[in-house]
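Worksheet for the structure shown next.
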Amino acid sequence: MAQRTNLRAAVLAAAVAALWHGGAAADPLPAVVEIVGTTPLPGLGVARERVAANVQTLDGAAVNAKDGATLPDALNRRLGSVFVNEIQGNPLQPDVNYRGFTASPLLGTPQGLSVYMDGVRMNQPFGDVVGWDLIPRAAIASLTLMPGSNPLFGLNTLGGALVVRTKDGEHDPGTVLDVQTGGYGRAETGFEHGGHDGRGLHWYVTGTAFRDHGWRDDSPTRLGQLFGKAGWRGGSSDVALSAAFSSSRLAGNGLQEERLLARDAASVYTKPDVTRNRAALLNLTASRDVGAGVLLSGNAYYRRIRASTVNGDLNDDALVDDVPNGLVNRTASTQASAGLSGQASLPKGLTAGAAFDASRVDFRQSVQFGAVNPDRGIAPVGVFDDDRAVDLDGRARTWSVYAMDTLRLRDGLHVTLSGRYNRTAVHNRDRIHPGGGSGSLDGDHRYGRFNPAAGMTWSPSRQLNAYAGYDEGSRTPTAVELGCADPANPCKLPNAMAGDPPLRQVVTRTWEAGVRGTIRGVHWSAGVFRATNHDDILFVADDAAGFGYFRNVGRTRRQGVELGADGHAGTVEMSVHYTYLAATFESAETINGAGNSSADADGNIAVRPGDRLPLMPRHVGKARAGWQVTPAWSAELGVQAVSDSTARGNENGLHRPDGTGFLGSGRTAGHAVFDLGTTFAPAPRLRLFAQVDNLFDRRYATAAQLGATGFSTDGTFMARGGDARVVHSTFYAPGAPRTIRFGVRCTFD
Numbered sequence: 000m001a002q003r004t005n006l007r008a009a010v011l012a013a014a015v016a017a018l019w020h021g022g023a024a025a026d027p028l029p030a031v032v033e034i035v036g037t038t039p040l041p042g043l044g045v046a047r048e049r050v051a052a053n054v055q056t057l058d059g060a061a062v063n064a065k066d067g068a069t070l071p072d073a074l075n076r077r078l079g080s081v082f083v084n085e086i087q088g089n090p091l092q093p094d095v096n097y098r099g100f101t102a103s104p105l106l107g108t109p110q111g112l113s114v115y116m117d118g119v120r121m122n123q124p125f126g127d128v129v130g131w132d133l134i135p136r137a138a139i140a141s142l143t144l145m146p147g148s149n150p151l152f153g154l155n156t157l158g159g160a161l162v163v164r165t166k167d168g169e170h171d172p173g174t175v176l177d178v179q180t181g182g183y184g185r186a187e188t189g190f191e192h193g194g195h196d197g198r199g200l201h202w203y204v205t206g207t208a209f210r211d212h213g214w215r216d217d218s219p220t221r222l223g224q225l226f227g228k229a230g231w232r233g234g235s236s237d238v239a240l241s242a243a244f245s246s247s248r249l250a251g252n253g254l255q256e257e258r259l260l261a262r263d264a265a266s267v268y269t270k271p272d273v274t275r276n277r278a279a280l281l282n283l284t285a286s287r288d289v290g291a292g293v294l295l296s297g298n299a300y301y302r303r304i305r306a307s308t309v310n311g312d313l314n315d316d317a318l319v320d321d322v323p324n325g326l327v328n329r330t331a332s333t334q335a336s337a338g339l340s341g342q343a344s345l346p347k348g349l350t351a352g353a354a355f356d357a358s359r360v361d362f363r364q365s366v367q368f369g370a371v372n373p374d375r376g377i378a379p380v381g382v383f384d385d386d387r388a389v390d391l392d393g394r395a396r397t398w399s400v401y402a403m404d405t406l407r408l409r410d411g412l413h414v415t416l417s418g419r420y421n422r423t424a425v426h427n428r429d430r431i432h433p434g435g436g437s438g439s440l441d442g443d444h445r446y447g448r449f450n451p452a453a454g455m456t457w458s459p460s461r462q463l464n465a466y467a468g469y470d471e472g473s474r475t476p477t478a479v480e481l482g483c484a485d486p487a488n489p490c491k492l493p494n495a496m497a498g499d500p501p502l503r504q505v506v507t508r509t510w511e512a513g514v515r516g517t518i519r520g521v522h523w524s525a526g527v528f529r530a531t532n533h534d535d536i537l538f539v540a541d542d543a544a545g546f547g548y549f550r551n552v553g554r555t556r557r558q559g560v561e562l563g564a565d566g567h568a569g570t571v572e573m574s575v576h577y578t579y580l581a582a583t584f585e586s587a588e589t590i591n592g593a594g595n596s597s598a599d600a601d602g603n604i605a606v607r608p609g610d611r612l613p614l615m616p617r618h619v620g621k622a623r624a625g626w627q628v629t630p631a632w633s634a635e636l637g638v639q640a641v642s643d644s645t646a647r648g649n650e651n652g653l654h655r656p657d658g659t660g661f662l663g664s665g666r667t668a669g670h671a672v673f674d675l676g677t678t679f680a681p682a683p684r685l686r687l688f689a690q691v692d693n694l695f696d697r698r699y700a701t702a703a704q705l706g707a708t709g710f711s712t713d714g715t716f717m718a719r720g721g722d723a724r725v726v727h728s729t730f731y732a733p734g735a736p737r738t739i740r741f742g743v744r745c746t747f748d
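Each residue of the sequence shown is one higher than the one before, counting from 0 in numbering that gives the first Met the number 0.
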């Protein structure tokens with residue numbers, strides 16, 4: 000209770016500071032004003048000091064800096080309150096968390112962040128997942144991380160929105176060739192070319208080929224990306240057509256049981272675990288200044304994603320019955336989405352717009368019995384489990400209207416009001432069990448809500464700014480969540496679905512307040528936030544590792560404190576971020592937790608208000624220091640640190656190992672991981688780099704889950720029958736060991 004009172008007092012104090020009337024002669028914006036976008040579509044933008052939130056931005060150079068091998072790496076290393084869970088065990092498939100909300104490529108992870116690229120929502124229709132391999136990192140000109148449940152960014156913006164803008168030939172002319180190689184068979188080649196003809200035409204194209212053998216057993220990755228943009232900019236008009244293509248084969252072998260992990264850090268529990276993605280995106284954007292400072296902008300897009308998976312899993316029924324001990328799960332899905340949006344921006348801060356998005360998902364699944372080989376690979380035996388087959392057609396339509404206005408109350412004091420109304424219809428059709436009734440996925444669901452927001456900023460001087468704000472956001476359940484919500488039929492996502500009770504949409508209410516400023520060239524910020532989810536949707540772990548189901552819980556809360564600073568002194572640049580995060584249940588719940596030693600006879604555990612949400616550390620810190628040793632040589636040292644977190648299945652925090660039937664602590668330990676990089680430019684157009692990740696070769700885990708294990712310490716299958724006790728253990732997502740990368744980058748006019 001004291002923690003809640005202190006946080007409320009901090010929010011109130013910051014809000015009072017923002018309202019306090021001071022004597023400023025004029026709007027005291029800093030000498031250099033940074034403009035940030037406040038909607039998914041490009042508009043006139045707003046000065047950062049007039050946004051009532053702790054907005055963070057990165058330019059293309061920071062996103063593509065060689066200290067981060069992937070886009071999630073860049074976010075994890077350079078943005079405050081961001082941390083990752085490497086549940087899938089693939090560098091292109093991490094969960095990216097911000098303030099306790101997640102953007103993940105994995106079905107089964109409740110999504111809470113929205114991602115946009117040039118106005119196109121990148122969250123996929125089937126599960127709101129985010130495929131990081133489908134975003135062309137080399138093409139990123141800038142990105143903005145907008146915190147809170149900002150309604151202007153539409154559905155699924157519960158904890159924040161990541162907004163990506165891509166390059167064009169006018170602002171990024173020239174040619175770049177990039178080659179790098181590294182440990183565990185990593186190799187990456189890329190090119191960029193951009194230009195313009197002086198008459199308004201501009202063009203840009205980039206391509207990337209990525210290969211990685213993977214540091215874990217049987218975990219190779221291949222990725223190919225191509226992005227192009229052509230446009231015309233003249234007078235008051237700007238039109239551009241962009242196309243993005245991606246093809247990937249991602250092997251991520253997931254969590255590993257703690258005893259097998261201790262025996263071999265590179266081992267996998269079962270295999271194969273392969274995902275193939277092919278995606279195409281076309282996006283037409285246009286804007287026009289119609290005079291008097293009024294800017295009209297809009298876009299129209301079409302996106303298609305084809306994905307397939309092959310997963311070898313243990314058959315949990317074989318732990319107690321005489322049945323085949325393996326399963327081979329196969330899925331195939333086609334997702335098509337299209338949309339239109341448009342908005343008008345006025346010079347004094349008023350913006351209004353509307354959007355329409357439609358999607359169709361075709362999802363098929365089969366489950367084949369198999370046998371576990373000595374290497375824990377699963378060999379199919381020819382018999383299919385027809386009860387787990389799925390053939391689903393899902394359609395969704397969303398209509399939205401939104402508006403925002405910024406009002407100047409007096410010099411340095413501004414109020415922003417905004418809101419968005421969303422109406423969504425989701426239609427599921429089961430091709431195997433049509434017509435509704437028991438076991439059928441058929442269903443028609445409709446959700447509608449208006450989400451408001453209000454914020455206030457105050458700048459008593461050019462060096463100080465205070466803000467306070469409140470906003471609401473919502474998320475409608477997706478087709479996969481609506482089809483996997485029954486505790487009696489847990490899912491190994493996405494390999495099992497059943498006719499389930501409908502889920503309610505999630506509503507998030509966020510308070511945020513803080514101060515920021517500049518002292519002697521050092522930019523600093525301090526703030527507090529509180530986001531409360533009502534009817535939150537969580538994936539609850541079942542007895543078998545990886546199995547579970549979606550369900551609404553009463554309330555969850557993510558609240559905390561953020562501190563940050565960055566600046567330079569001479570040839571040294573530094574940045575530091577710290578976040579205290581309290582992510583908790585706020586209502587009493589009874590959920591499945593058979594892998595938990597405190598579970599009752601029915602395999603349930605009781606969760607109390609104040610119990611921690613799984614996989615959420617209380618402390619997140621990061622720091623970077625760069626030194627320009629000579630004009631041609633630079634070096635940078637970084638560290639990312641997180642505290643311990645509880646495992647899925649240990650939501651009540653009461654799991655205790657007994658050394659026989661329950662193994663492992665049910666939590667991950669805190670850890671700090673360092674990286675070191677250096678860059679040398681022997682010529683103006685040539686740059687060499689070397690990078691060491693996990694500098695001290697620290698062994699650590701980023702996530703954990705409780706579940707039944709089917710293998711002994713030496714990795715052989717443990718067949719159990721009759722009343723024999725099933726052994727439960729803690730499964731971990733191990734972090735990558737020390738890796739070294741080298742590369743060269745050449746630029747041409």
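Beta carbons are placed, not taken as given, at the ideal position from N, Cα and C, and that holds for glycine.
Quantities reported herein were computed from a predicted structural model and do not represent experimental measurements.
For residue i, the first and last residue of its enclosing beta strand (DSSP E)
| i | result |
| --- | --- |
| E471 | L463 to R474 |
| V62 | Segment G59 to V62 is the alpha helix (DSSP H) holding V62; no beta strand (DSSP E) there. |
| D237 | S236 to A250 |
| F100 | F100 to A102 |
| Y579 | V571 to F584 |
| T333 | G325 to S344 |
| A689 | L685 to D692 |
| E85 | Where E85 is concerned, there is no enclosing beta strand (DSSP E), given that its DSSP letter is neither H nor E. |
| E511 | V505 to I518 |
Three-state class that DSSP yields for residue i in the structure shown
| i | result |
| --- | --- |
| E257 | helix |
| L481 | helix |
| L74 | helix |
| S711 | coil |
| V726 | coil |
| C745 | strand |
| D385 | helix |
| V606 | strand |
| D361 | strand |
| G545 | For G545, the pLDDT reaches just 47, beneath the cut-off of 50, and the residue's location in the model is therefore unreliable, although a value from the coordinates is still provided. G545 falls in the coil class under three-state DSSP. |
| I739 | strand |
| L40 | coil |
| A600 | coil |
| A291 | coil |
| L612 | coil |
| L318 | helix |
| A187 | The amino acid occupying residue 187 in the given sequence is Glu; Ala does not appear at that position. Strand. |
| R49 | helix |
Beta-bridge pairing of residue i - partner residues as DSSP gives them
| i | result |
| --- | --- |
| W398 | F355 and R422 |
| W202 | G194 and A229 |
| L412 | R409 and W457 |
| D272 | N310 |
| W632 | T629 and F679 |
| F449 | Y420 |
| N588 | What sits at residue 588 in the sequence shown is Glu, not Asn. Partner(s): V606. |
Extent of the continuous alpha helix (DSSP H) to which residue i belongs
| i | result |
| --- | --- |
| G376 | Segment: none, G376 is in no alpha helix (DSSP H) and carries neither H nor E. |
Okay, do the stretch 308-326 and the stretch 375-387 touch, 3+ Cβ pairs below 8 Å being the bar?
yes
Contact between the stretch 257-269 and the stretch 157-174 (3+ Cβ pairs under 8 Å):
no
Output the residue ranges of the beta strand (DSSP E) runs that lie fully inside the stretch 112-176 and measure 3 residues or longer, sorted by chain position.
112-116, 139-146 and 159-165
I want to know whether the stretch 44-51 touches the stretch 310-318 - three or more CB-CB distances under 8 Å.
no
If contact is defined by three or more beta carbon pairs under 8 Å, each pair taking one atom from either stretch, is the stretch 236-256 in contact with the stretch 78-95?
yes
Do the stretch 674-684 and the stretch 649-658 meet, that is, are 3 or more Cβ pairs less than 8 Å apart?
no
Is it true that the stretch 383-391 meets the stretch 400-420, where meeting means three or more beta-carbon pairs spaced less than 8 Å apart?
no
Are three or more beta carbon pairs between the stretch 139-154 and the stretch 565-573 nearer than 8 Å?
no
Counting pairs of beta carbons, one from the stretch 364-372 and one from the stretch 399-418, are three or more of them closer than 8 Å?
no
On the three-pair Cβ rule with 8 Å, is the stretch 659-679 touching the stretch 633-641?
yes
Three or more C-beta pairs under 8 Å: does that hold for the stretch 237-247 against the stretch 267-284?
yes
So, do the stretch 183-191 and the stretch 205-224 have three or more beta carbon pairs nearer to each other than 8 Å?
yes
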